[in-house]
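Step one of this worksheet: look at the structure below.
Residue numbers (the UniProt record's numbering): 1 to 754.
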């Protein structure tokens with residue numbers, strides 16, 4: 001008889017010696033070695049690398065019969081992001097995710113750029129207009145009950161996630177053109193299903209189900225494939241089938257999201273393990289860890305929540321009696337043993353049936369969510385009963401958000417927590433913040449970067465927001481003010497990245513930024529605004545401090561970022577710096593409207609427009625060179641489709657110096673370049689420099705000399721652009737450039753003060 005033991009001492013005989021002495025005889029050998037997660041990824045490196053594609057026919061986006069195409073105007077992209085955007089577009093074009101569009105299309109979407117914490121860019125569409133007219137397939141999404149019942153009794157689990165899930169769905173040519181979008185470098189289109197398309201979830205589920213649904217022991221929920229086995233051997237066999245199938249049809253999985261050989265897995269609000277099915281404790285944590293009320297107000301709020309659920313609570317009056325005793329006006333607040341016992345009983349009742357409902361895929365889904373000055377609270381409700389409670393505190397940076405951003409954050413928080421319940425299903429969101437109903441419908445470029453990021457996170461969900469007065473938001477309101485106090489909450493890296501990006505892209509020096517921070521701290525009015533942002537604005541303008549009432553109408557856009565105060569990403573100027581800012585705005589002696597546009601891009605204070613009007617109207621130099629308006633004969637040009645498609649060029653003389661003036665017909669962008677002389681060689685050298693930055697135009701319009709020379713015509717032929725000459729006796733036919741010359745001369749004259 002032999003004993004196999006695990007000891008650290010050195011054996012007298014090893015395996016080889018025992019075999020040679022015939023002490024043991026090897027009859028059969030079974031190799032049984034567990035492969036680790038990293039070894040699995042290495043073994044199937046091709047499956048965990050790159051971008052895959054479903055082998056089905058390209059998907060066709062079907063539009064409703066009454067669909068009217070929408071063309072969104074181009075959005076400005078910060079100069080600092082443009083090189084990175086071009087690099088990203090080139091990479092996606094190389095991977096055949098996107099391709100250039102060189103013809104007119106009926107649909108043009110707006111591009112939304114998300115800067116990731118690692119510095120990379122994620123490109124998204126704003127497809128809300130398109131989504132309104134898409135005919136959905138309404139493929140049946142599997143219910144949680146069905147999937148959970150099939151997973152019950154399994155002991156070993158793995159979860160694989162399709163990498164860049166929607167990009168696995170190729171689009172046909174018509175659908176690809178529908179997903180055309182604008183960039184500073186021309187139009188592009190998505191060749192794969194872009195993020196946010198209304199029909200994407202059900203289309204993805206259908207194709208994923210078709211591909212892997214026939215493998216026994218596999219359950220599919222959108223981009224998650226769950227592998228479940230009765231033991232390690234059966235699990236590994238199923239896992240091998242899934243990976244081999246993926247390899248054979250070019251499906252790619254995300255190595256970072258792989259859960260491999262785990263004994264329990266969270267799924268649609270339940271924890272599934274070899275021990276059975278149990279509720280996810282995260283869905284009752286908000287109640288279990290609710291802090292003890294510290295005042296009559298907090299007790300009243302708790303009782304309001306209990307009253308809302310009273311029809312599901314047996315003997316509710318008896319249970320809450322000790323709490324009701326201490327909220328009367330003539331009674332001193334005293335939290336004793338009876339109140340503590342009542343509070344614990346209430347928490348226990350709220351986390352069990354019949355109060356806590358089991359989620360049903362067939363019942364209407366309602367999310368009630370709210371934000372207080374310190375926390376977020378949310379409850380998922382079906383048929384008036386809570387299914388899940390969640391809450392958390394706000395981080396330090398989140399407390400400085402504008403109130404509307406906090407309320408939108410509460411919705412994002414809710415959907416992230418309830419993702420497995422709500423994804424692919426219609427949801428009603430109840431909020432006591434009415435402006436949210438308009439914000440989620442606004443074009444992306446009209447909301448702040450932070451709200452853009454939050455709206456993008458919500459694009460994959462099908463929901464509508466209903467306004468409910470705060471007095472009826474018992475569940476969410478209570479949870480948002482009674483969140484777990486010992487829980488550590490970290491900032492979302494992507495949201496934190498926006499905070500830093502706002503300051504990073506400010507067009508001012510570090511010294512000037514520090515000056516703004518210092519003067520903001522010393523400005524008594526702005527400090528009142530800061531207090532209102534952090535603690536909440538009064539419900540009525542009448543209750544607002546008189547000195548800051550002008551800020552009340554823009555209160556939803558006000559927030560604090562690294563010691564600076566902003567209104568929708570425009571820096572609020574302290575009173576002490578407004579004189580300096582007015583002088584800087586008018587430094588180049590632009591007219592009133594151009595000064596206003598220039599200021600509105602980066603700064604704000606109440607009454608800024610009228611202050612600018614006064615500054616310009618009192619300027620002596622502007623008055624001296626003020627130009628009388630005159631009518632010009634109309635010589636219309638065809639409107640180009642993209643920047644730098646058609647340009648006009650001319651030569652301006654000022655003083656003893658000649659300048660090359662270039663004007664883009666699409667964007668009205670103007671370039672002024674000093675020339676050493678007026679020879680064709682010099683002009684061509686400068687044009688090459690411009691073309692290297694903006695690309696070669698299709699057409700260049702100019703007067704004759706030196707543009708009608710042989711060397712210039714050869715340059716046009718070699719660089720493949722068309723040239724057109726204006727009549728030498730009628731310069732207004734190149735009115736765009738003539739106007740640019742006039743503007744340039746006035747700037748130079750004003751700069752010299754003559």
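Even glycine gets a Cβ: it sits at the ideal position worked out from N, Cα and C.
For residue 148, the CB contacts under 8 Å within the same chain, skipping 5 residues up- and downstream, are 267, 268, 270, 272, 277 in chain order. Contact fails between the stretch 246 to 266 and the stretch 180 to 192, because fewer than three Cβ pairs, one in each stretch, are under 8 Å apart.
Contact check for residue 252 against residue 318 fails: the beta carbons are separated by 7 Å or more. Residue 450 has its alpha-carbon roughly 30 Å from the corresponding atom of residue 175.
Pairing residue 47 with residue 250, the inter-Cα distance amounts to about 7 Å.
By the 16-neighbour rule on beta-carbons within 10 angstroms, residue 109 is buried. Excluding its 5 nearest sequence neighbours in each direction, residue 675 has C-beta neighbours in its own chain below 6 Å: 658, 660, 682, listed in chain order. Beta-bridge annotation (DSSP): residue 368 is paired with 379, 430.
Counted as a single uninterrupted DSSP element, the alpha helix (DSSP H) harbouring residue 18 occupies residues 15 to 20.
Taking 7 Å as the cut-off, the Cβ atoms of residue 544 and residue 538 count as close. Residue 155 holds the alpha-carbon nearest to the alpha-carbon of residue 217 among 155, 358, 103, 332. Per DSSP, the beta-bridge partners of residue 276 are 273.
Residue 747 is not bridged by DSSP to any residue.
Residue 417 counts as buried, since no fewer than 16 other beta carbons sit within 10 angstroms of its beta carbon. Under the three-state reduction of DSSP output, residue 448 falls in the coil class, being neither helix nor strand. Residue 724 sits in a strand when the DSSP states are folded into three classes.
In the three-state DSSP reduction, residue 386 falls in the strand class (E or B). Residue range 232 to 249 is occupied by the alpha helix (DSSP H) that includes residue 236. Looking at the DSSP output, residue 124 bridges to 112. By the neighbour-count criterion, in which a residue is buried when 16 or more other Cβ atoms sit within 10 angstroms of its Cβ, residue 104 is exposed. When the Cα atoms are used, residue 82 and residue 115 turn out to be separated by approximately 12 Å.
The criterion of a C-beta distance shorter than 7 Å is not satisfied by residue 68 and residue 178. In this structure, residue 599 lies away from residue 621, with their beta-carbon atoms at least 7 Å apart. With a cutoff of 7 Å on beta-carbon distance, residue 111 and residue 183 are scored as near each other. Between the alpha carbons of residue 288 and residue 58 lies a distance of about 49 Å. Residue pairing from DSSP places residue 100 in a beta bridge opposite 188. In this structure residue 563 is in contact with residue 517, their Cβ atoms being roughly 4 Å apart against a cut-off of 8 Å.
According to the DSSP assignment, residue 164 belongs to no alpha helix (DSSP H), since it is labelled neither H nor E. Residue 144 and residue 479 have their C-alpha atoms roughly 26 Å apart. Nearest to residue 305 by alpha-carbon distance, out of 70, 471, 330, 593, is 471. The DSSP-derived three-state label of residue 260 is strand.
In this structure residue 321 is exposed. Its beta-carbon is surrounded by fewer than 16 other beta-carbon atoms within 10 angstroms. DSSP places residue 639 in the coil class of the three-state scheme, outside both helix and strand. Under the DSSP definition of a beta bridge, residue 227 partners with 158, 218. Note on the stretch 42 to 83: there is no whole alpha helix (DSSP H) run with a minimum of 4 residues. A straight line joining the alpha-carbon of residue 224 with that of residue 24 spans about 49 Å.
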